[in-house]
Amino acid sequence: MTKAVYLFNLFLCGCVTSSLLGWLASLHPKALSSVSALIALLVVVWGACWVLDDTLTSRLNITPQDWQAILLSSLLALLLGLGVFLCS
Amino acid sequence: MQLKLLTLTGTALALWLVPLYALDKTQPVCKGIQGASLMAAVACAGTAAKLAADLRDSEAYQAAQRQVAIEDLQDELATEAWVSQQQRRLEAAKLLHPASTEVGGELVETPPNLHQLEALLHQHSTTSPPIPVEWEFADPLSPPSPLVRGVIIACKRAGWSQSKTISAVWGVEKSGSDPRYKAARHWYLEIVDGAANRGEEV
Chain A
50 MTKAVYLFNL
60 FLCGCVTSSL
70 LGWLASLHPK
80 ALSSVSALIA
90 LLVVVWGACW
100 VLDDTLTSRL
110 NITPQDWQAI
120 LLSSLLALLL
130 GLGVFLCS
Chain B
2 MQLKLLTLTG
12 TALALWLVPL
22 YALDKTQPVC
32 KGIQGASLMA
42 AVACAGTAAK
52 LAADLRDSEA
62 YQAAQRQVAI
72 EDLQDELATE
82 AWVSQQQRRL
92 EAAKLLHPAS
102 TEVGGELVET
112 PPNLHQLEAL
122 LHQHSTTSPP
132 IPVEWEFADP
142 LSPPSPLVRG
152 VIIACKRAGW
162 SQSKTISAVW
172 GVEKSGSDPR
182 YKAARHWYLE
192 IVDGAANRGE
202 EV
């Protein structure tokens, strides 16, 4: 139960952070370009994590399944946060 | 602690969703409020996550402590059961063998007391003398007859010493160089040891 609450709060933190990025992007056109660049960088890093999963899992000492779950949930949080902001 | 956790989570959810959907984005004030609420939502969600992690660690520690206590109790119970079983085994053995004593956790036969042995040996000496009346000394250089053997056994049972028995049966005094004494001593030891090996009481 406690672990589920912990994981949910981490996910919620990711969602709210992505909504905050969307909010920052809506303030000014230059902020939009900056946030767009940041999100593009995050996507590239996310893709690199998939490619280098063997090295990273051995360094971080976690299982490949846990690593894939982290990557998928982070993508879902980013999309959900941006989606909630855009749809509001 | 659980209530605090749930409250923080609910607050983070509310601060994230409500201002975005309730307020107008075109208004600068509303936009500012949305920004502030999003930042507050991030803070609430982060605090709730940290609290949940601390609570999970403390629960794991308490579970480990309980497991150690249970294992200690089981070990203590097993040790007490083993000790009582060993005590019952010793008591049962004592009932079966009352002459035994406990030495180093094991039962051993009690060795006979020296004074008891001497009393047993002297019992026969009070009844009749082992040497018959008008005894004629035997020849130590010849093998002893059955009568001589019986007299020697009787002298041994009466508690007579070796030299006294040899002197009474063969008439030879103790001497280191006399061949007759050496022969008599040889017959004496052969008779006494042979009787002991046959299980006779000497």
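Heads up: the protein sequence lines correspond to chains A and B, in order. Per the numbering used here, the very first residue in the first sequence carries number 50; after that it's consecutive. Per the numbering used here, the very first residue in the second sequence carries number 2; after that it's consecutive. Idealized CB from N, CA, C, for every residue including glycine.
Selection A:ASP115, A:VAL84, A:SER85 evaluated against CYS98 of chain A yields A:ASP115 as nearest (Cα-Cα). Apart from sequence neighbours up to five positions away, the residues of its chain that approach LEU21 of chain B with a beta-carbon distance below 7 Å are GLN35, ordered along the chain. Runs of the alpha helix (DSSP H) spanning 4 or more residues and lying entirely within the stretch 55–110 of chain A occur at 78–100, 102–109, in chain order. Of the candidates B:LYS32, B:LEU6, B:VAL43, B:LYS26, the residue whose Cα lies closest to the Cα of LEU16 of chain B is B:VAL43. For GLY11 of chain B, the enclosing alpha helix (DSSP H) begins and ends at 3–23. In the three-state reduction of the DSSP assignment, ALA79 of chain B falls in the helix class, which pools H, G and I. For ASN110 of chain A, no Cβ of chain B is located within less than 8 Å of the residue's own Cβ. ARG89 of chain B sits in a helix when the DSSP states are folded into three classes. Taking a contact to require three or more Cβ pairs closer than 8 Å, the stretch 62–69 of chain B and the stretch 55–72 of chain A do not qualify as touching. Residues of the stretch 116–134 of chain A that bring their beta carbon within less than 9 Å of a beta carbon in chain B comprise GLY130, VAL133, PHE134, in sequence order. Listed in chain order, the positions of the stretch 32–51 of chain B with a beta carbon within less than 7 Å of a beta carbon of chain A are GLN35, GLY36, LEU39, MET40, ALA42, VAL43, ALA46, GLY47, ALA49, ALA50. Proximity of ALA64 of chain B to chain A, defined by a Cβ-Cβ separation below 8 Å, is not satisfied. Among the residues of chain B, none has a CB under 9 Å from the CB of SER67 of chain A; the nearest is roughly 10 Å distant.
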